[in-house]
Amino acid sequence: MEGHPFPKVEYKGKQVIPFYGRNHPFSNFFPSPVNVWGIQFTCSEQAYAFSKAWFFGDEMSKRKIMLEIHPHNIKKCSRTIKNFKRNEWDKVSEGMLFEAVNAKFCQNKILAQYLLETNNMQLIEVNPFDRRWGVGITIDQLKVGKPLRGENKMGHILEKVRENLKENKNKIPYITHKIPIPKLPVNKVMNTTPKIFFR
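Following the working numbering, the numbering of the sequence shown begins with 9 at its first residue and continues without gaps.
What follows is the structure, given as structure tokens:
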């Protein structure tokens, strides 16, 4: 880990790596072009938002999401998707996000190296406003040992992507699914998962 670009924090006796905000490469807001389902996106947040609009058949939201550049605006669009049903989305959302995040790191050698250099340390999204994808507390609260209030699903997805990178470091195509993708017609409609190579 010597020379690793991200700060480590000691939390309850072990080293962890917190992340949050569009300037951090582990964030979905980080500007990193990614091709998922045969479609080019500006960042993994846009890919995730698009998959949400697609899942609920909202063509207008799909277009709005693809026209937006700033990730905050993309997220806003994803909150107004028609016919949205939380219980249905919760069943597939982790699989959709894994697809986007896995592609992001498989398609960018520098980002992949950043993730691999975290070794086996826990990755924690210190988003104080999100108790599902984040931990519901700030980095300052983490530093003083405040209990986590969220599920940290984003951190877990990154850790699964990291395992995928380790297992497939010398293989092409450079992708496997670590989170089971629901048996839905995603691949047929979205033009199959692309072959992913280091670039």
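Just so it is clear, CB atoms sit at the ideal spot from N, CA and C, and this is done for glycine as well.
Going by DSSP in three states, residue i sits in which element: helix, strand or coil?
i    : result
N127 : coil
I165 : helix
K84  : helix
K22  : strand
E133 : strand
F210 : Because the chain is modelled from 9 through 207, residue 210 falls outside the range shown and cannot be assessed.
N172 : helix
V194 : Its pLDDT being 37, under 50, V194 is placed unreliably by the model, and nothing is read from it.
K93  : coil
S69  : helix
D98  : helix
I145 : coil
V152 : coil
G103 : helix
I think residue i touches residue j, with their Cβ atoms under 8 angstroms apart; what is that distance to the nearest whole Å?
i    : j    : result
E53  : K83  : 6 angstroms
V160 : I132 : Looking at the sequence provided, one finds Asn at residue 160 rather than Val. Between I132 and N160 the Cβ distance is about 6 angstroms, and since that is below 8 angstroms, they are a contact.
F38  : I25  : 15 angstroms between Cβ atoms; not a contact.
V100 : F64  : Going by Cβ atoms, the distance from V100 to F64 rounds to 11 angstroms, so no, they are not a contact pair.
I147 : L105 : Rounded, the Cβ-Cβ distance is 22 angstroms, inconsistent with contact.
G163 : Q121 : That pair is no contact at about 19 angstroms.
Suppose the cutoff is 7 angstroms on Cβ atoms and the five residues either side in sequence are ignored; what does the same chain contact list for residue i look like?
i    : result
I145 : V134, P136, K154, L156 and R157
T50  : P39, P41 and I77
R140 : G158, E159 and K161
K191 : Model confidence at K191 stands at a pLDDT of 37, short of 50, so the residue's coordinates are unreliable; what they give is reported in the following sentence. If we look at K191 and ignore the five residues flanking it on each side, it has no Cβ neighbours.
Y151 : Residue identity check: residue 151 is Lys in the sequence provided, not Tyr. For K151, where only same-chain residues beyond five positions count, the Cβ hits under 7 angstroms are V17.
Excluding the five sequence neighbours on either side, which residues of its own chain have a C-beta within less than 8 angstroms of the C-beta of residue i, listed in chain order?
i   : result
S86 : Y56, A57, K60, A61, S69 and I73
Q48 : P41 and V42
K20 : G153
Looking only at its own chain, which residues have a Cβ that is under 6 angstroms from the Cβ of residue i, when we skip the five neighbours before and after it?
i    : result
D66  : I89 and K90
H185 : Residue placement at H185 cannot be trusted, given a pLDDT of 35 that sits under 50; what the coordinates show is reported in the next sentence. If we look at H185 and ignore the five residues flanking it on each side, it has no Cβ neighbours.
L124 : L173
L119 : P33 and F113
N36  : S52 and E53
V169 : V109, N110 and F113
Q149 : none
Identify every residue that forms a DSSP beta bridge with residue i.
i   : result
Q48 : N43
V17 : V24
Checklist entry - Do the region 110 to 122 and the region 33 to 48 touch if we need at least three Cβ pairs shorter than 8 angstroms? => result yes
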